[in-house]
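For reference, the structure discussed in these notes is given below.
Number of protein chains: 2
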Amino acid sequence: MSLGPGSSEHLTPRAAEALHEAEVVVGYKTYVGLVAGLVQGKDIRASGMRKEIDRCREALDLALQGRRVALVSGGDAGIYGMAGLVFDLCRAHGVTVRDGREEAKDSSDALPVEVIPGVAAFNAAASLLGAPLMHDFAAVSLSDHLTPWEIIERRLEAAAEADFVIAIYNPRSATRPDGLDRARSILLRHRPGDTPVGVVHKAMRDGQRCLLTTLEGLDPEDVDMQTVLLVGNSHTYVWNGWMVTPRGYLDKYGT
Amino acid sequence: MSLGPGSSEHLTPRAAEALHEAEVVVGYKTYVGLVAGLVQGKDIRASGMRKEIDRCREALDLALQGRRVALVSGGDAGIYGMAGLVFDLCRAHGVTVRDGREEAKDSSDALPVEVIPGVAAFNAAASLLGAPLMHDFAAVSLSDHLTPWEIIERRLEAAAEADFVIAIYNPRSATRPDGLDRARSILLRHRPGDTPVGVVHKAMRDGQRCLLTTLEGLDPEDVDMQTVLLVGNSHTYVWNGWMVTPRGYLDKYGT
Chain A
0 MSLGPGSSEH LTPRAAEALH EAEVVVGYKT YVGLVAGLVQ GKDIRASGMR KEIDRCREAL
60 DLALQGRRVA LVSGGDAGIY GMAGLVFDLC RAHGVTVRDG REEAKDSSDA LPVEVIPGVA
120 AFNAAASLLG APLMHDFAAV SLSDHLTPWE IIERRLEAAA EADFVIAIYN PRSATRPDGL
180 DRARSILLRH RPGDTPVGVV HKAMRDGQRC LLTTLEGLDP EDVDMQTVLL VGNSHTYVWN
240 GWMVTPRGYL DKYGT
Chain B
0 MSLGPGSSEH LTPRAAEALH EAEVVVGYKT YVGLVAGLVQ GKDIRASGMR KEIDRCREAL
60 DLALQGRRVA LVSGGDAGIY GMAGLVFDLC RAHGVTVRDG REEAKDSSDA LPVEVIPGVA
120 AFNAAASLLG APLMHDFAAV SLSDHLTPWE IIERRLEAAA EADFVIAIYN PRSATRPDGL
180 DRARSILLRH RPGDTPVGVV HKAMRDGQRC LLTTLEGLDP EDVDMQTVLL VGNSHTYVWN
240 GWMVTPRGYL DKYGT
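Quick note, the sequences are listed as chains A and B, same order. Here the first sequence stands for residues 0 to 254, numbered as in numbering that gives the first Met the number 0. Here the second sequence stands for residues 0 to 254, numbered as in numbering that gives the first Met the number 0.
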């Protein structure tokens, strides 16, 4: 299930209800901490980074024992979150999954799973910047932990070439200090140096920081793994401190 | 502000609060209808399709008169929604906009605007299908109302070539009956005919319909403007009725 960006203002009622109903809450400790107030007294299983498979396996084991489990993801569980791994593991281990939104059929011993959507990190980031994602966009993670760097480069190249707005996830980590610079070089082959870039750190939670810069001006020191970058397309403008990608209404119809 | 996919279960508390605070609610009639129960007794200005500029201008006029206005969008207002047009029009008419989340500075007569994010249509659609958007993805609208068809084709081509999962918005309309077939032909140049495609109609509201098919099997009759299509990448699988794009955890670490 999805926690949204962090603030309870953007946690959906369905997600809040699922937390309330859960007996066990499993998740990355930072995300579990975001909803500490909502899960007091529950069986909490919080763990650190890179423990995704362990967490997911634990959640499945508990659910197969008949416990009601909330496996939490920051942002949207279906976007670079935990939802996929649940299905991957069930498939690998022959655990049949049924839609948890529906009543069980009499004879079914399948595991009920409900993927609860949420406000994704880039939706939250975009809303703080203005309206940068109004037109076709691509989301690319710079993490080469599971994806070969060549594929990441190819996607950046394609997205830049076809003039997508680009949301960059996991833009920088200690193990890949030069990834962001390499990504920028690719984008600069297709876009001018003054292309607007929104840098949003911890959107809608404590420590939130937003800034507007350009492809050329982007300082990697302003970026870490909790940052989302939004890179404008050829029509994106910055006005009065807002970053906006027009869809083209005014070009077509006037003001 | 964003209404999310439709059901109040997925309307964020901040969005509900904004509706509650508003004196006037402006929006496309279908979306205003989704929250009819929350806006009773308010001044409602609902209008039809293709009236985006009129709606937005009306909302701004009212706000400039000092009224508290909620301009509603389905899904996320920042993704193919109304947020961009607000800034476009303010910029064109020299109306300074300040961040409505912050207290007014003493001397400011700028218009306070808050973009309230929401659960976008493709987040909702993905959660119903399983976890198809777990890896890099591109969102492309097939509407050529404001965007030249050549640009749409170029984006489809780039996204397909670089193996993005692709979310297709506005896949079909009466005025472009062949757009979807042309889009499919482009995708089929880069992906096999058995590539999974999720077809989600009215996600999380009355009339919801989900089906899984393939690029080759996709029947345009199942698709209209209220449908979102999710086209898998080369790793996307269908299992037990679920559509999932793995990030690669199990390939790297085993099960």
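Cβ atoms here follow ideal geometry from the backbone N, Cα and C, with glycine treated the same way.
For secondary structure counted as the alpha helix (DSSP H) over 4 or more consecutive residues, the segment 128–187 of chain A holds these complete runs in sequence order: 148–160 and 178–187. Look at G129/A: its C-beta is under 8 Å from a C-beta on chain B.
When CB distances to chain A are screened at a threshold of 7 Å, the residues of the segment 238–251 of chain B falling below it are W238, N239, W241, V243, T244, P245, R246, G247, Y248, L249 and K251, in chain order.
DSSP places Y27/B inside the beta strand (DSSP E), whose first and last residues are V23 to Y27.
By the neighbour-count criterion, in which 16 or more other beta carbons inside 10 Å mark a residue as buried, H92/A falls on the exposed side. Fewer than three pairs of CB atoms, one per stretch, sit closer than 8 Å, so the segment 123–140 of chain B makes no contact with the segment 227–238 of chain A. Straight-line measurement puts the Cα of E22/B at about 21 Å from the Cα of D75/B.
About 4 Å separates the CB atoms of A125/B and G77/A; that is less than 8 Å, so the two are in contact. With 16 or more other Cβ atoms inside 10 Å of its own Cβ, H9/B counts as buried. Fully contained in the segment 196–253 of chain B are the following alpha helix (DSSP H) runs of length 4 or more, in chain order: 248–252. Taking 7 Å as the cut-off between beta carbons, none of the residues of the segment 182–195 of chain B comes near chain A. G83/B reaches chain A at A130, M133, V243, T244, P245 and R246, counting residues in chain order whose Cβ is nearer than 7 Å. Here the segment 156–166 of chain B makes contact with the segment 149–160 of chain A; the two share three or more CB pairs at distances below 8 Å. For A138/A, at least one C-beta of chain B is nearer than 8 Å to its own C-beta.
Around the beta carbon of L63/B, a 10 Å sphere encloses fewer than 16 other beta carbons of the protein chains shown; the residue is thus reported as exposed. Here P147/B is exposed: its Cβ has fewer than 16 other Cβ atoms, across all protein chains shown, within 10 Å. In the three-state reduction of the DSSP assignment, D98/A falls in the strand class, which pools E and B. Take the alpha-carbon of A173/B and the one of G247/A: they are about 21 Å apart.
A residue is called buried when at least 16 other Cβ atoms come within 10 angstroms of its Cβ; D205/B does not meet this threshold and is exposed. With the criterion set as a beta carbon lying under 7 Å from some beta carbon of chain A, the members of the segment 90–117 of chain B are R90, A91, H92, T95, V96, V114, I115, P116 and G117, in sequence order.
Beyond the five residues adjoining it in sequence on each side, E215/A comes within less than 6 Å, by CB distance, of G192 in the same chain, given in chain order. Scanning its chain for C-beta atoms nearer than 8 Å, with the 5 sequence neighbours on each side dropped, one finds around L141/B the residues I151, I167, Y168, N169, P170, R171, R175, G178, L179 and A182, in chain order. Residue nearest to Q225/A within the set L84/A, L59/A, M81/A and M203/A is M203/A (criterion: CA-CA distance). Taking a contact to require three or more Cβ pairs closer than 8 Å, the segment 35–48 of chain A and the segment 80–98 of chain A do not qualify as touching. With a 10 Å radius around the Cβ and a threshold of 16 neighbouring Cβ atoms, G5/B comes out buried. Interface annotation, T254/A: in contact with chain B, CB-CB separation under 8 Å.
Counting the other Cβ atoms within 10 Å of the Cβ of K201/B gives 16 or more, which makes it buried. For N232/B, there are no C-beta contacts with chain A under 9 Å, since the nearest C-beta of that chain is about 10 Å from it. For D53/A, no beta strand (DSSP E) encloses it; the enclosing alpha helix (DSSP H) starts and ends at E51 to L63. Distance check between A17/B and each of G117/B, A137/B, T244/B and M242/B places G117/B closest, using alpha-carbon atoms only. Not a single CB atom of chain B sits nearer than 8 Å to the CB of S46/A.
The Cβ atoms of L88/B and T254/A lie closer than 8 Å to each other.
Between A123/A and A137/A, the C-beta gap is not smaller than 8 Å, which leaves the two residues out of contact. The beta carbon of D223/B sits closer than 6 Å to those of R171, all from its chain and outside the five residues before and after it, given in chain order. Cβ atoms of L2/A and Y30/A come within 8 Å of each other, at about 6 Å. Pairing L249/A with P195/A, the inter-Cα distance amounts to about 20 Å.
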